[in-house]
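Residue numbers (the numbering used here), protein chains in the order written: chain R, 1374 to 1620; chain G, 1242 to 1428. Cβ atoms here follow ideal geometry from the backbone N, Cα and C, with glycine treated the same way. The block underneath contains the structure these notes are about, expressed in structure tokens.
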Amino acid sequence: MAEGRDRGLRAARAAEEAAFWAASLEAELDARDTGARIEPPAEVRGRVLWETRGAGDESEARTAAAAPPDRRLARMFLALGVAASLLLAATFGALWVTTRADLAATRENVVRLERTVKENEKQVALASQEAAWLRDPRVQVALLKGLEGTSTARAKLLWNPVTKQGILWASGLPPLPLEKSYELWAFVGDQPVPAGTFDSASGAGTVIPISRQETLDDAPVKFAVSVEPKGGVPKPTGAIVLVGERF
Amino acid sequence: MDDTGADLLARIVAGDRDAFGAFYDLHAPVLFGFCVRILRDARDAEDVLQETFVQAWREARRFDAARASVRGWLFTIARSRALDRWRSRRSVEKRITSADAPDLERAAGAAGEASSADVRDFVERSLAQLGENERAVLRLAYFEGCTQEEIAERLVEPLGTVKSRTRSALAKLRTIAANAQKEAGRG
Chain R
1374 MAEGRDRGLR AARAAEEAAF WAASLEAELD ARDTGARIEP PAEVRGRVLW
1424 ETRGAGDESE ARTAAAAPPD RRLARMFLAL GVAASLLLAA TFGALWVTTR
1474 ADLAATRENV VRLERTVKEN EKQVALASQE AAWLRDPRVQ VALLKGLEGT
1524 STARAKLLWN PVTKQGILWA SGLPPLPLEK SYELWAFVGD QPVPAGTFDS
1574 ASGAGTVIPI SRQETLDDAP VKFAVSVEPK GGVPKPTGAI VLVGERF
Chain G
1242 MDDTGADLLA RIVAGDRDAF GAFYDLHAPV LFGFCVRILR DARDAEDVLQ
1292 ETFVQAWREA RRFDAARASV RGWLFTIARS RALDRWRSRR SVEKRITSAD
1342 APDLERAAGA AGEASSADVR DFVERSLAQL GENERAVLRL AYFEGCTQEE
1392 IAERLVEPLG TVKSRTRSAL AKLRTIAANA QKEAGRG
């Protein structure tokens, strides 16, 4: 039974990854057709140039080595070469090669470590955020489950009724067309109150902060997520994809 | 074929760092827009953009103008790096989500993770459900990593025809994938 469930999960993950691949190729076609642009922050350019600095030096060195040698310099080096002992030259040559190789390896390691540190920082930030919410005794937890058609979707909502803010972890939701977004609803009694919108990252898990909801005077007991026009609507109009109560 | 930036790339191969700066300025905004759209996270998009250009610098001499346009080549790198980032992010988020969901989510740990063979197998089976023309373009795109220009050349078809065929095939593949996810959820 466990084996069957594992096979089912692997099939779902494979389909999810194939969907992401398809979405990325579609996005590439759109980007190449429309030329849609978003200016990246200036510091990214700086990081790219810094990270390629070492490799650039090597390229320049290779280019210089490929250029025709200066005849006067060549004669001078030849004279020096005769004067110096062959053993010394070989020793320095070997040392130079070793040092270059070490330097290149060190650069690669630094780049790799920087990536790891960045990834770890992100994970620590996520974990800290979650821990801060979980430590707060006022925070209530609700688990939301998918309905027919989105049965693999899951979400966990941490809700602070005092600050009227929340944080939602959602996964398994299908990607939406650009003109649609998911909308979170908080139920006060039987009345749904809009509590923020979010987009799904092509079916992958998504962490969504829910900003302060001034219109929520009473603590909600039930939550739901529906598919709505981009930007959200005051009352639900689309299909409910997730629902659950706090406990 | 669109050869925007090809002259800059030739200078980059020679180690010209000014050319690399101009190359970044030329292509980064379109690639960043693409990364933001598929990753839906500005910080991840920045990281992927950075990785894309660093890889482009290191592998500039491998670029073959006969196989792809400069922009197509850059997009191929960016999509590959974005997929890596998506997998990594999914792994982190899955761990957080499963922290106190005892049944299904926790079971979806290492044991439920799809291997690349699973994904290839899924795509292979999905392609069998497409028409011959659509199957041909997606097979070249997925299994051989061909750009749209390469596919057009291999199939001896106009680039526009290949693009529209690819779009249609991708829409069907996404529907098949969505149905497969639902099916797995029921099973």
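7 Å Cβ cutoff, residue i in contact with chain R
| i | result |
| --- | --- |
| G/Asp1359 | yes |
| G/Pro1270 | yes |
| G/Glu1287 | yes |
| G/Asp1344 | Residue confidence for G/Asp1344 is low, a pLDDT of 45 falling below 50, so the modelled location carries little weight; the figure read from the coordinates is stated next. No - not a single Cβ of chain R is within 7 Å of the one on G/Asp1344. |
| G/Val1333 | yes |
| G/Ala1349 | Note that G/Ala1349 scores a pLDDT of 41, beneath 50, so its modelled location is shaky; the value from the coordinates is reported in the next line. It does; some Cβ of chain R falls within 7 Å. |
| G/Val1295 | yes |
| G/Ser1321 | no |
| G/Trp1327 | yes |
| G/Ala1377 | no |
| G/Arg1395 | no |
| G/Arg1278 | yes |
The alpha helix (DSSP H) enclosing residue i, as first and last residue numbers
| i | result |
| --- | --- |
| G/Phe1273 | 1258–1280 |
| R/Leu1541 | No alpha helix (DSSP H) holds R/Leu1541; the beta strand (DSSP E) holding it covers 1538–1544. |
| R/Leu1486 | 1459–1508 |
| R/Ala1515 | From DSSP, R/Ala1515 is part of no alpha helix (DSSP H) but of the beta strand (DSSP E) over 1513–1519. |
| G/Ala1393 | 1389–1396 |
For residue i, three-class secondary structure by DSSP
| i | result |
| --- | --- |
| R/Val1594 | coil |
| G/Lys1214 | Outside the shown range of chain G, which is 1242 to 1428, sits residue 1214 of chain G, and nothing can be said about it. |
| R/Phe1560 | strand |
| G/Gly1246 | coil |
| R/Ile1613 | strand |
| R/Glu1412 | coil |
| G/Gln1370 | coil |
| G/Lys1216 | The question about residue 1216 of chain G has no answer here: the residues shown for chain G are numbered 1242 through 1428. |
| R/Val1417 | helix |
| R/Thr1407 | helix |
| R/Lys1603 | coil |
| R/Ser1524 | coil |
| G/Ser1237 | No statement about residue 1237 of chain G is possible, as the shown extent of chain G runs from 1242 to 1428 and does not include it. |
| R/Glu1552 | coil |
| G/Gly1350 | For G/Gly1350, the predicted model reports a pLDDT of 44, less than 50, meaning its position is unreliable and no value from the coordinates is stated. |
| R/Ala1568 | strand |
| R/Arg1585 | coil |
| G/Leu1345 | Residue placement at G/Leu1345 is poorly supported in this model, since its pLDDT is 41, which falls under 50; the coordinates still yield a value, given next. DSSP places G/Leu1345 in helix when its eight states are reduced to three. |
| R/Arg1618 | Per the sequence shown, the amino acid found at residue 1618 of chain R is Glu instead of Arg. In the structure shown, R/Glu1618 sits in a strand (DSSP, three-state: E or B). |
| G/Gly1386 | coil |
| R/Ala1384 | helix |
| R/Ala1392 | helix |
| G/Ala1251 | helix |
| R/Lys1608 | coil |
Chain G contact for residue i (CB, 7 Å cutoff)
| i | result |
| --- | --- |
| R/Glu1618 | no |
| R/Gln1538 | no |
| R/Leu1402 | yes |
| R/Ser1584 | no |
| R/Ala1477 | no |
| R/Thr1472 | no |
| R/Gln1343 | Given a span of 1374 to 1620 for chain R in the structure shown, any question on residue 1343 of chain R remains unanswerable. |
| R/Pro1413 | yes |
| R/Gln1502 | no |
| R/Arg1444 | Only weak support exists for where R/Arg1444 lies, its pLDDT of 48 falling under 50; the coordinates are left without a value. |
| R/Thr1425 | yes |
| R/Ala1577 | For R/Ala1577, the predicted model reports a pLDDT of 47, less than 50, meaning its position is unreliable and no value from the coordinates is stated. |
| R/Pro1550 | no |
Nearest residue (CA-CA) to residue i, options the options
| i | options | result |
| --- | --- | --- |
| G/Arg1312 | R/Ala1500, R/Asp1406, R/Val1566, R/Phe1560 | R/Asp1406 |
| R/Ser1397 | G/Asp1305, G/Phe1316, G/Ile1392 | G/Phe1316 |
| R/Glu1552 | R/Val1606, R/Ile1581, R/Ala1559, R/Leu1531 | R/Val1606 |
| G/Glu1390 | G/Arg1330, G/Phe1264, G/Ala1307 | G/Ala1307 |
| G/Thr1416 | R/Ala1392, R/Ala1385, R/Gly1381, R/Glu1481 | R/Ala1392 |
| G/Ser1409 | G/Ala1425, G/Val1378, G/Glu1385 | G/Val1378 |
| G/Ala1269 | R/Gly1408, R/Glu1399, R/Asp1403, R/Leu1402 | R/Gly1408 |
| R/Gln1538 | R/Arg1426, R/Glu1492, R/Leu1557, R/Pro1550 | R/Leu1557 |
| R/Leu1402 | G/Gly1401, G/Glu1394, G/Leu1414 | G/Gly1401 |
| R/Val1512 | R/Glu1412, R/Ala1592, R/Val1614, R/Val1417 | R/Ala1592 |
| G/Ala1319 | R/Ala1400, R/Lys1491, R/Thr1489 | R/Ala1400 |
| G/Ala1323 | G/Pro1399, G/Cys1276, G/Phe1264 | G/Cys1276 |
| R/Pro1609 | R/Val1470, R/Glu1618, R/Val1598 | R/Val1598 |
| G/Arg1258 | R/Glu1424, R/Ala1404, R/Ala1385, R/Arg1383 | R/Glu1424 |
| R/Thr1536 | R/Leu1459, R/Ala1612, R/Asp1509 | R/Asp1509 |
| R/Val1417 | G/Leu1280, G/Ile1279, G/Leu1272 | G/Leu1272 |
| G/Gln1291 | G/Gln1370, G/Ala1255, G/Arg1406, G/Gly1262 | G/Gly1262 |
Chain B contact for residue i (CB, 7 Å cutoff)
| i | result |
| --- | --- |
| R/Val1417 | Among the protein chains in the structure shown, which are R and G, there is no chain B. |
Opening and closing residue of the beta strand (DSSP E) in which residue i lies
| i | result |
| --- | --- |
| R/Ala1528 | 1527–1533 |
Check your understanding: Of all the alpha helix (DSSP H) runs that stay within the bounds of the segment 1293–1324 of chain G, which reach a length of 4 or more residues?
Key -> none
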